[in-house]
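Presented below is the structure to which this report refers.
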Amino acid sequence: MFKIAKITFGTAIAILVLTPLFSESAHAQSNDSIFLKSNANGGSSVRRGRISQTSPNGVTIQVKGKAEEIPSQKIKKISYAGEPRQLGTARGRIETGRYDDGLTELAKISGTVDSDFIQSEIDFLKAFCQAQKSLKGGDVTAQQAGIAIRNFTQKYPDSYHFYPATDLLGKLLVAIGKPEFAEKEFAKISRSQWPAMTIKGFFERGNALLLTGNLETAKQCFESIATIDANDDESQQFKMVAQCQLAKIMALSGQLDSGQAIVEKIIKDENPDNAMLFAYAYNALGTCHLQAQQPKPAAIAFLHTELLYSNELAPHAEALYNLAKIWPVLEETDRANRARQALKSRYRNTYWALQL
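Its first residue numbered 9, the sequence shown is counted upward by one per residue in this note's numbering.
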């Protein structure tokens, strides 16, 4: 009996030691876990099985011998069977915005893994962290982050991360002052089968076209958003914000009164706790006043974005840029310098910082 117990124990130890060396074998024998986003009632669920295929629009998972298609827009995260422990730790760090900590954990994964699914997850998270650090004014340049994201999209065109990665690539192209190239990336997203992502693609494409001065095509993008049948909270949000951008286009096209009326109605009727909507609304109102040669009301509008909605990064950077230009006209040199300094320090990797 003692000999059998000894052999059994030794065999168990050998299995524990050797398991990490056969990640693909473990992957084949265990379940992958797809964690779904919370539904309208606040609940969420997990699908467990064997992932057999991925695409930009969804993931195929084999559950009890049956294939189930999970749309990408419903996926919060995926935990793969046999993935390195550090990958799970990194994922948790990144979810809370701790990008440096996430990169530190990912760097602990030596070499490559046998599963393409796991390797693509590692590569995406590395590129994602660099992109987020760059867009938030960190120590990664937009060029560096852009190369990492582009490498990912070229290597893994069938990843379920493809559209979010392409969205980041477009934003990084805007950040280096290339909105005309960014527009082409956002156009890929607007052709998605995922309605919420399609809306986002049209919205970001319209913003990029605004920066190039192509007002007519930008207008078509923002108008297209209203025609898409999507009623989730994110889609409804973009539909409202698109109205602000249409008002801005009206002002830039000389229809000052019409544009101002639209955005003032939004400010009057909607909840000011909606930070994204109101940041874009006040920026649109500021543009209306600028086009009407009214620098003081314009400054007041952009100040709303600067002071009340500073967590909305893109409109906040735009507001700081406009304030840096308006304050000297109002003989507010110190305030102009502070706006310029804030833009250069917090948003140095942005299109607006490049325009100073």
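For each residue, glycine too, the CB sits at the ideal point set by N, CA and C.
Chain-order list of residues whose beta-carbon lies under 8 Å from that of residue i (same chain, five-residue window excluded)
i, result
"N39", "R56, G57, R58, A89"
"K144", "L321"
"R343", "L331, W335"
Neighbourhood of residue i by C-beta, 7 Å cutoff - its chain only, sequence neighbours within 5 removed
i, result
"R348", "A332, L364"
"S53", "L44"
"A150", "S142, L180, A183, I184, N357"
"T112", "none"
"D240", "A204"
CB of residue i within 9 Å of CB of residue j, strictly
i, j, result
"K196", "Y171", "yes"
"I270", "A255", "yes"
"I274", "C252", "yes"
"A306", "Y359", "no"
"A327", "F310", "yes"
"I69", "P92", "no"
"S87", "G96", "yes"
"M205", "S41", "no"
"L298", "I334", "yes"
"A404", "K186", "Only positions 9 to 364 of the chain appear in this structure, which leaves residue 404 out of reach."
"L300", "L264", "Checking the sequence shown, residue 300 turns out to be Ala, not Leu. Going by C-beta atoms, A300 is nearer than 9 Å to L264."
"S63", "D166", "yes"
Alpha-carbon spacing of residue i relative to residue j, whole angstroms
i, j, result
"I207", "L44", "21 Å"
"E278", "S60", "45 Å"
"S128", "G294", "43 Å"
"C137", "G110", "8 Å"
"Q162", "G178", "14 Å"
"N65", "A238", "16 Å"
"F211", "I308", "26 Å"
"Q152", "Y290", "33 Å"
"N330", "F230", "23 Å"
"K247", "A173", "22 Å"
"Q228", "D147", "36 Å"
"Q37", "I102", "The pLDDT assigned to Q37 is 47, lower than 50, so where the model puts this residue is not dependable, and the model offers no usable value."
"H312", "L321", "14 Å"
"Q94", "L114", "6 Å"
"K116", "L218", "43 Å"
"L260", "N222", "11 Å"
"F17", "S118", "Caution applies to F17, whose pLDDT of 33 falls short of 50 and renders its modelled position unreliable; the value that the coordinates give is listed next. Distance between the alpha carbons of F17 and S118: 29 Å."
"I130", "T120", "9 Å"
"E272", "N345", "29 Å"
"G262", "I78", "46 Å"
"K352", "A75", "51 Å"
"T341", "L315", "18 Å"
"L26", "D124", "In this prediction, L26 has a pLDDT of 34, which is less than 50 and means its spatial position is unreliable; nothing more can be read from the coordinates."
Spatial neighbours of residue i in its chain, beta-carbon cut-off 6 Å, leaving aside the 5 residues before and after
i, result
"G209", "F194, I197, S198"
"M258", "S266, G267"
"F189", "L181"
"Y107", "C137, Q140, K141"
"Q245", "none"
"P280", "F286"
"Y164", "S128"
"A350", "L328"
"A292", "C252, A255, K256, V271"
"S200", "Y171, T206"
"S232", "F210"
Whole-angstrom C-beta distance between residue j and residue i, which should lie under 8 Å
i, j, result
"Y288", "P323", "5 Å"
"N357", "A183", "5 Å"
"A216", "E242", "That pair is no contact at about 20 Å."
"I83", "V67", "7 Å"
"P303", "V337", "5 Å"
Beta carbon proximity, residue i to chain D, threshold 9 Å
i, result
"D109", "You won't find chain D in this structure, because it holds only one protein chain."
beta-carbon residue i near the ligand COA non-hydrogen atom, thresh 8 Å
i, result
"Q251", "As far as ligands go, the structure on display features none, and thus does not contain the ligand COA."
Problem set entry | Every unbroken alpha helix (DSSP H) inside the segment 288 to 325 [4 residues or more] | Runs of the alpha helix (DSSP H) inside the segment 288 to 325: 303 to 316.
Exercise. In the segment 171 to 244, which residue ranges form an unbroken alpha helix (DSSP H) of at least 4 residues, counting only runs that do not cross its ends?
Worked result: If we require 4 residues or more, the alpha helix (DSSP H) runs fully inside the segment 171 to 244 come out as 187 to 198, 203 to 220, 223 to 234.
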